[in-house]
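Peer 1: Residue numbers (the numbering used here): 25 to 178.
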């Protein structure tokens, strides 16, 4: 009986210390949005604005096909490659990006390499509310607004 009380006490103390440490690390920073990422190995990862800030925001230019014309878009965010590196993914066969309304697209790695795909927090200087997935050289039906989930598969 005494051992179980001691164990419960130790577990509670560990939880309290962990919570205090996490609060200290994110003090002054607030999670504004989260993208659920499902990995091929079955693990789920949460990618937030804090992760994006850790990677470091950059400015990019991408072209989006609008009917028969290409229009240039100014983007601020991170590349898909940077996201994968940040979460520890080295190779994949397919990426599916899904919006909050359920609209989704599948992409092969060749489409998303380098600066070919951007997770943007700003498009042409305006907030993307919260994240837009931009694929250089593709039509607007390949760009995903309000990204909610990314599924990485083999």
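We put the CB at the ideal spot given by N, CA and C, even for glycine.
Quick one: what's got a C-beta closer than 8 Å to residue 97's C-beta in the same chain, skipping five residues either side?
Peer 2: Answer for residue 97: 85, 86, 87, 88, 147, 148 and 158, listed in chain order.
Peer 1: Would you decide whether residue 130 is buried or exposed? Buried here means 16 or more other CB atoms lie within 10 Å of its CB.
Peer 2: So residue 130 counts as exposed.
Peer 1: Applying the criterion that 16 or more other CB atoms from any shown protein chain within 10 Å of the CB defines a buried residue, is residue 180 buried or exposed?
Peer 2: The question about residue 180 has no answer, for the chain in this structure spans 25 to 178.
Peer 1: Give me the Cα-Cα distance between residue 167 and residue 132, rounded to the nearest whole angstrom.
Peer 2: If you take the alpha carbons of residue 167 and residue 132, they lie about 14 Å apart.
Peer 1: Helix or strand or just coil, what does DSSP make of residue 55?
Peer 2: Coil at residue 55, not helix or strand.
Peer 1: Let me know if residue 186 comes out buried or exposed under the rule of 16 or more other beta-carbons within 10 Å of its beta-carbon.
Peer 2: Residue 186 lies beyond the range of the chain shown here (25 to 178); nothing can be said about it.
Peer 1: Reducing DSSP to helix, strand and coil, say where residue 114 ends up.
Peer 2: Residue 114: coil per DSSP, three-state reduction.
Peer 1: Tell me which same chain residues have a C-beta within less than 6 Å of the C-beta of residue 56, skipping the five on either side of it?
Peer 2: Hits under 6 Å: 73.
Peer 1: Rounded to whole angstroms, how far is the Cβ of residue 68 from the Cβ of residue 61, which I believe are closer than 8 Å?
Peer 2: That belief holds up - the Cβ atoms of residue 68 and residue 61 are roughly 7 Å apart, short of 8 Å.
Peer 1: According to DSSP, is residue 83 helix, strand or coil?
Peer 2: Note: residue 83 maps to strand in three-state DSSP.
Peer 1: Exposed or buried, residue 121, counting other C-beta atoms within 10 Å across all chains shown (16 or more means buried)?
Peer 2: So residue 121 counts as buried.
Peer 1: Could you round the C-beta distance between residue 142 and residue 99 to whole angstroms and report it? I think they count as a contact, below 8 Å.
Peer 2: Between residue 99 and residue 142 the Cβ distance is about 5 Å, and since that is below 8 Å, they are a contact.
Peer 1: Going straight from the alpha carbon of residue 70 to that of residue 153, what length do you get?
Peer 2: The straight-line gap from Cα to Cα measures roughly 18 Å.
Peer 1: Taking just the CA atoms, how far does residue 115 sit from residue 105?
Peer 2: Approximately 10 Å, taken between the alpha carbons.
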